[in-house]
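Below is one structure, written out as C-alpha cells, with a few remarks after it.
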Ligand SMILES: [Zn+2]
C-alpha cells in the first residue's frame with residue numbers, strides 16, 4: 130500500500146464511520162510529512178448545515194490545530210472529488226496537492242442531479258483560477274463503492 134493509499138484508507142474509514150450514524154459517506158484527511166493533521170467526515174445530516182462537508186471540516190480543523198491560515202506542504206485526501214465550495218477552501222488554505230478516490234462522474238447516484246455540477250472537474254476549476262494543483266486518484270473502486278452502497282440520500 131502506498132502512502133497515498135494509506136491516507137485514503139483512513140478517509141474511507143471516516144466516511145464509513147459517518148455512514149454508520151446516518152451521515153453521507155464522505156471522508157477527508159490532511160497529511161503533512163507522514164503525519165495526519167486531521168481526519169474528518171461529513172456532518173451535514175446531524176448539524177443540518179449545508180456547508181458541513183468533510184473537506185470543509187478538514188480545512189477548519191487543520192488550520193485551527195496549527196493556528197495558521199495557510200497549510201503549506203500538505204496533501205489533501207478526499208473520498209470523492211471535492212465540490213466547488215470545498216475546492217475553493219482547499220485553494221485558499223494554500224494546499225496544492227489533492228488526492229481523490231471517486232470522481233463525481235464515476236458515481237452513478239450523482240448522474241441526474243446538480244450534485245455532479247455538470248462539466249465541473251477539480252482540474253477545470255484549477256485551470257480556470259490559475260492554480261497549479263496536482264491531482265491524483267487512488268483507491269477509486271473502494272471509494273465508488275462507498276456511494277454505490279450508500280443508504281442515505283446523497284444528492285442534497
Ligand atoms: Zn464540498
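In the working numbering, the protein residues as written are 130 to 285.
Glycine is no exception: its CB is placed at the ideal position from the N, C-alpha and C atoms.
Taking 7 Å as the cut-off, one finds no heavy atom of ligand 1 near enough to the beta carbon of residue 154.
Beta-bridge pairing by DSSP links residue 264 to 227.
Per DSSP, residue 192 is one residue of the alpha helix (DSSP H) stretching across 183-195. Counting along the chain, the unbroken beta strand (DSSP E) around residue 158 starts and ends at 156-161. In the displayed model, residue 146 falls within a helix according to three-state DSSP. The bridge partners DSSP lists for residue 164 are 161. Those residues that have a beta carbon less than 7 Å away from any non-hydrogen atom of ligand 1 are, in order along the chain, 182, 184, 185, 211, 212, 214, 215. Between the C-alpha atoms of residue 145 and residue 189 there is a straight-line separation of about 21 Å.
For residue 274, there is no enclosing beta strand (DSSP E); the enclosing alpha helix (DSSP H) has its first and last residue at 269-277. Judged by DSSP in its simplified three-state form, residue 208 adopts strand. Counting C-beta pairs with one atom in each stretch, the region 183-199 and the region 166-174 have three or more that are closer than 8 Å, which means they touch. With a cut-off of 8 Å on Cβ pairs, the region 222-242 is in contact with the region 263-277, counting three or more such pairs. Per DSSP, reduced to three states, the secondary structure at residue 169 is strand. In the same chain as residue 192, and ignoring 5 residues on each side of it, the C-beta atoms closer than 6 Å to its own belong to 198, in chain order.
Taking 8 Å as the upper bound for CB-CB distance, residue 267 and residue 148 are not in contact here, some 20 Å apart.
Out of 161, 269, 143, the CA that lies nearest to the CA of residue 205 is found in 161.
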